[in-house]
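Chains as they are written, first to last, in my numbering: chain A, 1 to 339; chain B, 340 to 678; chain C, 679 to 1017. Reviewing the structure listed below.
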Amino acid sequence: MTQFEGSHILSVSQLDLDSINTIFNVANKMTPYALREKRTKVLEGAILGNLFFEPSTRTRVSFGCAFNLLGGHVRETTGMASSSLSKGESLYDTARVLSTYSDVIAMRHPDAYSVKEFAEGSRVPVINGGDGPNEHPTQALLDLFTIKKELSHSGMGIDGMHIAMVGDLKYGRTVHSLSRLLCMHKDIKFTLISPTELSMPDYVIADIENAGHKITITEQLEGNLHHADILYLTRIQEERFPSQEEANKYRGKFRLNHNIYTQHCKSNTVIMHPLPRDSRAQANELDNDLNSHPSLAIFRQADNGLLIRMALFALTLGVEDQLEKYECPVNWYSRKADR
Amino acid sequence: MTQFEGSHILSVSQLDLDSINTIFNVANKMTPYALREKRTKVLEGAILGNLFFEPSTRTRVSFGCAFNLLGGHVRETTGMASSSLSKGESLYDTARVLSTYSDVIAMRHPDAYSVKEFAEGSRVPVINGGDGPNEHPTQALLDLFTIKKELSHSGMGIDGMHIAMVGDLKYGRTVHSLSRLLCMHKDIKFTLISPTELSMPDYVIADIENAGHKITITEQLEGNLHHADILYLTRIQEERFPSQEEANKYRGKFRLNHNIYTQHCKSNTVIMHPLPRDSRAQANELDNDLNSHPSLAIFRQADNGLLIRMALFALTLGVEDQLEKYECPVNWYSRKADR
Amino acid sequence: MTQFEGSHILSVSQLDLDSINTIFNVANKMTPYALREKRTKVLEGAILGNLFFEPSTRTRVSFGCAFNLLGGHVRETTGMASSSLSKGESLYDTARVLSTYSDVIAMRHPDAYSVKEFAEGSRVPVINGGDGPNEHPTQALLDLFTIKKELSHSGMGIDGMHIAMVGDLKYGRTVHSLSRLLCMHKDIKFTLISPTELSMPDYVIADIENAGHKITITEQLEGNLHHADILYLTRIQEERFPSQEEANKYRGKFRLNHNIYTQHCKSNTVIMHPLPRDSRAQANELDNDLNSHPSLAIFRQADNGLLIRMALFALTLGVEDQLEKYECPVNWYSRKADR
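Spelled out as structure tokens, the structure:
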């Protein structure tokens, strides 16, 4: 039994390197099930309450499929309009009631700290699927997990690596949380590339510096990528800007394409992006001409998200050692051969 | 085989004391599955059509989870906009088609008697999950079931008890249906506390009187609770008022908190509320300072709702005697220890 | 292994008579499972991504139930608003990511050819559930399957039959696709009955003529039905008209009821309609007084849709020969006795 059994996963700040390693080890054990080489019914009969009070198709579907892949049922809700919260119910009451209906809950909500408040009323483990501007811990974990896996192909580890973060570093929640996780590691070089108006918040920079890492801050993409092992691109978070005009000023400011990559990056620099990328002509921060490049890790990131979420369900429900016991063969056509 | 197998559950008026007892007995058998002490796959492979033409997160999720707890699949629809009903299709046609896709249907719809009309075209049993201002029989059943269980702790039964109903007795559908079920019992004292404008409809009062029960009608909370065994509070049903201003006149009119409870109620008066309660300062009909009071039964009500819905699925599908046959152990972390 | 294993089903134009026969044979094998005489767990553990970027309750639920009937899980999305497509993501990216989460995808989208574009990025088979004005191949297949089954009761086949198509032949996508499938057969007589403004598009007429079939085009219902073996009625597709006023001009123009049927049709002319039918008084293209007529095949069409979708899932996932291997009895009340 791990520290996770019966616990909530609310913030990356509740994790240390040991517990992160535990999660990553279980995530690795999930690979054959996600690839459909075999399947497991370890959570057959269990129910996930997939409560998305703020819609997010991809994250919701990813949590739901992760649970299905372990054999469980999923009950969902999307949006706030028809929920009792709109009739003045407290998050505590909502949690007391809805947590009776499931064995574990994944929750997204537009308000910071709402998931924590909900968790206090819940009778079952709650996993934070994003609480507005605050945290999105499963995204941070899948990003770190991806970095670790990608660098291992070149024999590298996270300690000592060089990461360049590019784009909207102000509103891009994922770079904040990832930085926090990287602070637990040693001797990392950060290159932060953004317009001054969209630069990394001061508290994140302070955290990085206090952890003893090196930071370079610049507005220039070209010329600053040569040493990067990881290139982490972000979308301009238009929906968080005061106006569309304001957002438009920055769309298309930084663009990576095959030509720029070849000219300015090492040959094996890993390209990451939390997705969705904006592929409209006026934005296009990461061009489709890199789609078949072996260093493009963006779809492997999404795949890893599934593994991380499967791992967190297994750990909070304490079944991480029973996966094999409930294994079955996959008797249908599966995509594994294509990958 | 009971009278329920293959039948619709449309109204409390189709039930008598015997059939209610049958439902309650099966609901009691559901307790260990809902508490996750063990599980049953009795409805593995069966499909619930969870058709919510009017959104209601909680009731929808409760029906869905009840079906999952019996091992079945759930297919859902929410809202009317994208349904064929908006293109002029009759409820009969909708029922003929959608009932081919499932083994049992739970349905909510904004129009009175719509569920009955739908049931006439359905090839499978239909359970009314609320048809607008008309009925919500599973809520009435869970309320009665809760009263019975709570009173049994003090060695009491429903016959001879004293119930105080408080708040919006005009628009609060649950107090109407519950009264109807209580009319089947003997020698009950009703204290009805509401503003004159929100008082219990005349036809409900007539039913209660015709059944030989005693009624006290008052606008005053304090001083009228001393003899109540059950205190049934309701929320002002703002959404049913002609205007928000009209609703605001009554918000916060009756409030129960720890102080008032201690001063005006017997020490074991059971506190019930159909939920959601409005916890905003201007309403707050039931204060959070009673949250840990042992007589607060509001969350046990919600738990009982799950048992009642499981029982109705088992009965309409005729599997109430096969639960044990399909039992399995629960191999994951479960909340049972916390309760 | 058939040609379908691992393939997309995007258009009826990818099918020939042989492959259609393969689908129909598997669909026939699905009948006892759909009728609940027994069940199969052949796809237990598999996940359907039911992606409805344009809402359609009935088609979505039909795909989902078809997958549940084979034992699989269903993850869904409805509408476009909360999807990454609204943030500028390409269909290719959406497909790369979402196809990681499932074993097969059913997709509806408002734009023509969008499903094909999506399929190019997908790692798993994609079944077109309707791509706007373009195609809806499962509807066309279920229509043809229905014609074949219904005519076989009179010892007839599709070759040589006479079909009358009535109503909105311009915007009614189903009559276009069905015509395409009928073109693969021999010696069919088409009677096309519509207002001139809503007549069958020229390219469909050209296809029919090129295939050597006979066409009669008329604006008159009465007097043109005497020889029809199949009467295929359609709803005025109001939502595709430039204005409601424009649509109103044609509502109620053609109506079939018991009286007209008896007077103008052969005694066993099969009545079909893709549903929903508009039963409001001002439209009412197919009257309820025919509801119990044995030649009314409209609800059998919907039933057949389930069989066709089950067949396509089984074929694309290559399990069509394993259905019996994973059979189980149905242990609950089932509607089979009523049919």
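For every residue, glycine included, the Cβ atom is placed at its ideal position computed from N, Cα and C.
(request) Provide the residue span of the alpha helix (DSSP H) that contains residue 58 of chain A, from first to last. (result) 57-69
(request) Counting only the same chain and skipping the five closest in sequence on each side, list residues whose C-beta sits under 7 Å from that of residue 851 of chain C. (result) 811 and 814
(request) Determine the DSSP secondary structure at residue 550 of chain B, reduced to helix, strand or coil. (result) Assigned with DSSP and collapsed to three states, residue 550 of chain B falls in coil, not helix or strand.
(message) For residue 218 of chain A, count the other beta carbons within 10 Å of its own beta carbon; 16 or more makes it buried, fewer makes it exposed. Which is it?
(response) exposed
(request) Return no unless some Cβ of chain B is closer than 9 Å to the Cβ of residue 977 of chain C. (result) yes
(request) Determine the direct distance from the alpha carbon of residue 437 of chain B to that of residue 817 of chain C, and round the result to whole angstroms. (result) Cα atoms of residue 817 of chain C and residue 437 of chain B: separation of roughly 16 Å, rounded to the nearest angstrom.
(message) According to DSSP, simplified to helix, strand and coil, what is residue 158 of chain A?
(response) DSSP places residue 158 of chain A in coil when its eight states are reduced to three.
(request) Name, please, each residue of chain B whose Cβ falls closer than 9 Å to the Cβ of residue 657 of chain C. (result) Shown here, chain C extends from 679 to 1017; a query on residue 657 of chain C therefore has no answer.
(message) Checking 9 Å against the spacing of the C-beta atoms, do residue 365 of chain B and residue 654 of chain B come in under that value?
(response) Yes, the Cβ-Cβ distance between residue 365 of chain B and residue 654 of chain B is below 9 Å.
(message) Using a 10 Å radius around the Cβ and a threshold of 16 neighbouring Cβ atoms, would you call residue 874 of chain C buried or exposed?
(response) exposed
(request) My understanding is that residue 104 of chain A touches residue 317 of chain A, with C-beta atoms under 8 Å, so please give their C-beta distance in whole angstroms. (result) Between residue 317 of chain A and residue 104 of chain A the Cβ distance is about 6 Å, and since that is below 8 Å, they are a contact.
(request) Report the neighbours of residue 573 of chain B on chain A: residues whose CB is nearer than 9 Å to its CB, in chain order. (result) By Cβ distance, chain A contributes nothing, its closest Cβ being about 12 Å from residue 573 of chain B, past 9 Å.
(request) Can you tell me which of the three DSSP states residue 141 of chain A falls into? (result) DSSP places residue 141 of chain A in helix when its eight states are reduced to three.
(message) How far does the alpha helix (DSSP H) with residue 514 of chain B in it extend, from its first residue to its last?
(response) Secondary structure note for residue 514 of chain B: its alpha helix (DSSP H) is the uninterrupted segment 512-521.
(request) Could you pull the start and end residues of the beta strand (DSSP E) that residue 725 of chain C belongs to? (result) 725-730
(request) Closer than 7 Å by beta-carbon distance: list the chain C residues that pair up with residue 416 of chain B, in chain order. (result) 735 and 739
(request) Could you tell me if the beta carbon of residue 758 of chain C falls within a distance shorter than 8 Å of some heavy atom in the ligand COA? (result) What this structure holds is no ligand at all, so the ligand COA is not there to describe.
(request) Answer yes or no: do residue 719 of chain C and residue 1008 of chain C have a C-beta to C-beta separation smaller than 9 Å? (result) The criterion of a C-beta distance shorter than 9 Å is not satisfied by residue 719 of chain C and residue 1008 of chain C.
(message) If we define contact as Cβ-Cβ less than 9 Å, is residue 677 of chain B a contact residue for chain A?
(response) With a pLDDT of 41 at residue 677 of chain B, under the threshold of 50, the modelled position of this residue cannot be trusted, and the question is left open.
(request) Just grab the DSSP bridge partners of residue 933 of chain C for me. (result) According to DSSP, residue 933 of chain C bridges with nothing at all.
(request) Quick one: using the 10 Å Cβ neighbour count with 16 as the cut-off for buried, is residue 708 of chain B buried or exposed? (result) Residue 708 of chain B is absent from the structure shown; chain B starts at 340 and stops at 678.
(request) Rounded to whole angstroms, what's the CA-CA distance from residue 671 of chain B to residue 4 of chain A? Just pull it up for me. (result) 13 Å
(message) Suppose you measure from the CA of residue 483 of chain B to the CA of residue 569 of chain B; what does that come to, to the nearest Å?
(response) 11 Å
(request) Determine the direct distance from the alpha carbon of residue 142 of chain A to that of residue 305 of chain A, and round the result to whole angstroms. (result) 5 Å
(request) Using only alpha-carbon positions, find the residue among C/702, C/749 and C/700 that is nearest to residue 714 of chain C. (result) C/749
(message) Suppose you measure from the CA of residue 864 of chain C to the CA of residue 838 of chain C; what does that come to, to the nearest Å?
(response) The straight-line gap from Cα to Cα measures roughly 6 Å.
(request) Compute the Euclidean distance between the alpha carbons of residue 405 of chain B and residue 266 of chain A, then round it to the nearest angstrom. (result) 56 Å
(request) Return the bridge partner residues of residue 190 of chain A from the DSSP annotation. (result) A/163 and A/215
(request) Could you work out which residues of chain C lie near residue 183 of chain A, taking near to mean beta carbons separated by less than 9 Å? (result) None at all; the shortest Cβ gap to chain C is about 28 Å.
(message) Any C-beta of chain B within less than 7 Å: which residues of the region 92-121 of chain A qualify?
(response) 93, 96, 97, 98, 100, 101, 102 and 103
(message) Are the CB atoms of residue 96 of chain A and residue 641 of chain B within a distance shorter than 9 Å?
(response) yes
(request) Within the region 220-275 of chain A, note down every full beta strand (DSSP E) run reaching 3 residues or more, in order along the chain. (result) 230-233 and 270-272
(request) Give the secondary structure of residue 720 of chain C by DSSP, where H, G and I count as helix, E and B as strand, and everything else as coil. (result) coil
(request) Figure out for me which residue from C/997, C/985, C/946 and C/877 has the closest Cα to the Cα of residue 968 of chain C. (result) C/946
(request) Could you pull the start and end residues of the alpha helix (DSSP H) that residue 708 of chain C belongs to? (result) 695-712
(request) Take residue 372 of chain B as the anchor and find which of A/311, A/102 and A/23 has the nearest alpha-carbon. (result) A/102
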